[in-house]
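Novice: Residue numbers (the working numbering): 285 to 499. All C-beta atoms, glycine included, are put in the ideal place defined by N, C-alpha and C. Since we're looking at a predicted model, the values are computed, not measured.
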Amino acid sequence: MRLLWSPKSPFVRKVMVVLHETDQTSDVETVRTPVQMSEPNPEVLRANPLNKIPTLLLDDGRVLIDSRVICEFFARRAGDTALYPQDERQYFRAVTLQALGDGLLDLLLVWRNWHRNRGLAHDAADPYLDAFGLKVTTALDHLESLAGELGERLDIGRVSIAVALAHLDFRWQVLDWRAGRPNLAAWHAEVSTRPSMRATEIVDDSRALAGGRTA
Numbered sequence: 285m286r287l288l289w290s291p292k293s294p295f296v297r298k299v300m301v302v303l304h305e306t307d308q309t310s311d312v313e314t315v316r317t318p319v320q321m322s323e324p325n326p327e328v329l330r331a332n333p334l335n336k337i338p339t340l341l342l343d344d345g346r347v348l349i350d351s352r353v354i355c356e357f358f359a360r361r362a363g364d365t366a367l368y369p370q371d372e373r374q375y376f377r378a379v380t381l382q383a384l385g386d387g388l389l390d391l392l393l394v395w396r397n398w399h400r401n402r403g404l405a406h407d408a409a410d411p412y413l414d415a416f417g418l419k420v421t422t423a424l425d426h427l428e429s430l431a432g433e434l435g436e437r438l439d440i441g442r443v444s445i446a447v448a449l450a451h452l453d454f455r456w457q458v459l460d461w462r463a464g465r466p467n468l469a470a471w472h473a474e475v476s477t478r479p480s481m482r483a484t485e486i487v488d489d490s491r492a493l494a495g496g497r498t499a
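#1: Could you tell me the distance, in whole angstroms, from the CA atom of L288 to the CA atom of I440?
#2: What's the gap between the Cα of Q457 and the Cα of R478?
#3: Between which two residues does the beta strand (DSSP E) containing L287 stretch?
#4: My assumption, with CB atoms under 8 Å, is that P338 sits in contact with V379. Please give the rounded CB distance.
#5: Find the nearest neighbour of Q308 within the set V319, C355, V447, judged by alpha-carbon distance.
#6: Who are the near neighbours of H472 in its chain, counting only those whose CB is closer than 7 Å to its CB and skipping five residues on each side?
#7: When you compare only the Cα positions, how much space is there between A499 and P466?
#8: Cβ of M481 within 8 Å of Cβ of V312?
#9: Do you know how far the Cα of R297 is from the Cα of A463?
#10: Going by the DSSP bridge assignment, what does E313 pair with across the sheet?
#11: CA-CA distance, L367 and G435?
#12: Let me know if V487 comes out buried or exposed under the rule of 16 or more other beta-carbons within 10 Å of its beta-carbon.
#13: Could you tell me the alpha carbon to alpha carbon distance between V319 and Y412, rounded to whole angstroms?
#14: Should G385 go down as buried or exposed, given a rule of 16 or more other Cβ atoms within 10 Å for buried?
#15: Quick one: is N397 buried, meaning 16 or more other Cβ sit within 10 Å of its Cβ, or exposed?
#16: L278: buried (16+ other C-beta within 10 angstroms of its C-beta) or exposed?
#17: Out of R286, R360, A483, V420, point me to the one whose CA is closest to T314's CA.
#18: Tell me whether T380 sits in a helix, a strand or coil according to DSSP, three-state version.
#19: Just to confirm the assignment, what range does the beta strand (DSSP E) spanning V347 have?
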């Protein structure tokens with residue numbers, strides 16, 4: 285199996301965390317694949333018409349797209365019932381938390397592109413920026429209210445939220461998301477010590493790739 289991959293993609297990181305949690309990293313070849321909104325990658329487009337990573341190329345010719353699909357595929361392949369609980373209530377709680385974490389990531393990625401494409405400061409007066417900021421703040425405050433239940437187990441929802449918070453540290457230090465959210469900060473500090481999180485920590489190696497595109 286080949287995973288179209290980037291060391292800076294939070295959605296790719298979700299998949300890598302699942303691979304580590306289910307002991308399947310040796311079964312997958314990771315292929316560094318740059319993608320940009322303004323410059324579609326022909327290699328990715330051939331496999332995924334949305335020009336997004338992660339994209340998983342299976343040995344039988346099938347292609348799986350989207351981190352949610354790929355994560356569940358690997359969990360099922362491993363027979364894992366922790367990441368995707370069998371109990372109906374717990375399962376839908378897990379995938380609802382996943383939707384919250386993924387939605388937060390979507391907001392952060394679009395927000396960053398809006399900043400960059402318009403050359404705006406993070407605190408510029410702009411109605412779209414204000415809307416992004418309100419949504420992100422509201423999502424983080426909601427997660428703070430849920431922090432007490434997050435430590436109960438590690439499922440796909442908790443993975444998604446942990447990755448989203450780590451992405452805030454990587455791209456949005458200026459937001460200081462821990463301020464006023466001590467319970468969420470404590471949970472994230474604890475979950476970040478897991479081997480799967482340590483092994484998949486996002487790094488920006490752009491400078492080491494002089495002249496190359498990065499994803």
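Specialist: Reading from the atomic positions:
#1: Position 4 of the sequence shown holds residue 288. Position 156 of the sequence shown holds residue 440. In a straight line, the C-alpha of L288 is about 20 Å away from that of I440.
#2: Indexing the sequence shown from 1 puts residue 457 at position 173. Indexing the sequence shown from 1 puts residue 478 at position 194. For Q457 and R478, the gap between their C-alpha atoms comes out near 22 Å.
#3: Taking the first residue of the sequence shown as 1, we reach residue 287 at position 3. Its beta strand (DSSP E) spans residues 286-289.
#4: The residue given as residue 338 occupies position 54 in the sequence shown. The residue given as residue 379 occupies position 95 in the sequence shown. Contact annotation, P338 with V379: C-beta distance approximately 18 Å; criterion of less than 8 Å not satisfied.
#5: Counting from 1 along the sequence shown, the entry for residue 308 is found at position 24. Nearest option by C-alpha distance: C355.
#6: The residue you call residue 472 lines up with position 188 of the sequence shown. Within its own chain, the residues whose Cβ lies closer than 7 Å to the Cβ of H472, once the five positions on either side in sequence are excluded, are A446, L449, listed in chain order.
#7: The residue labelled residue 499 in the question sits at position 215 within the sequence shown. The residue labelled residue 466 in the question sits at position 182 within the sequence shown. The predicted model places A499 with a pLDDT of 38, which falls under 50 and marks its position as unreliable; any figure quoted below should be read in that light. Distance between the alpha carbons of A499 and P466 is about 32 Å.
#8: Position 197 of the sequence shown, counting from 1, holds the residue named residue 481. Position 28 of the sequence shown, counting from 1, holds the residue named residue 312. Cβ atoms of M481 and V312: not closer than 8 Å.
#9: Within the sequence shown, residue 463 is the residue found at index 179, counting from 1. Within the sequence shown, residue 297 is the residue found at index 13, counting from 1. Those two C-alpha atoms are separated by around 25 Å.
#10: One-based indexing of the sequence shown puts residue 313 at position 29. Under DSSP, E313 forms a beta bridge with R286.
#11: Taking the first residue of the sequence shown as position 1, residue 367 is located at position 83. Taking the first residue of the sequence shown as position 1, residue 435 is located at position 151. It is roughly 13 Å from the alpha-carbon of L367 to the alpha-carbon of G435.
#12: On the sequence shown, position 203 is the one that residue 487 refers to. The residue in question, V487, is exposed, as its Cβ has fewer than 16 Cβ neighbours within 10 Å.
#13: Along the sequence shown, one-based indexing puts residue 319 at 35. Along the sequence shown, one-based indexing puts residue 412 at 128. Going by the C-alpha atoms only, they are around 24 Å apart.
#14: Along the sequence shown, one-based indexing puts residue 385 at 101. By the neighbour-count rule (16 or more Cβ atoms within 10 Å), G385 is buried.
#15: Counting from 1 along the sequence shown, the entry for residue 397 is found at position 113. It counts as exposed.
#16: There is simply no residue 278 to check, as the chain begins at 285 and stops at 499 in what is shown.
#17: In the sequence shown, the residue the question calls residue 314 occupies position 30. Considering only alpha carbons, the answer is R286.
#18: On the sequence shown, position 96 is the one that residue 380 refers to. Three-state DSSP puts T380 in a helix.
#19: Translated into the one-based positions of the sequence shown, residue 347 becomes position 63. In the DSSP assignment, V347 falls within the unbroken beta strand (DSSP E) covering 347-349.
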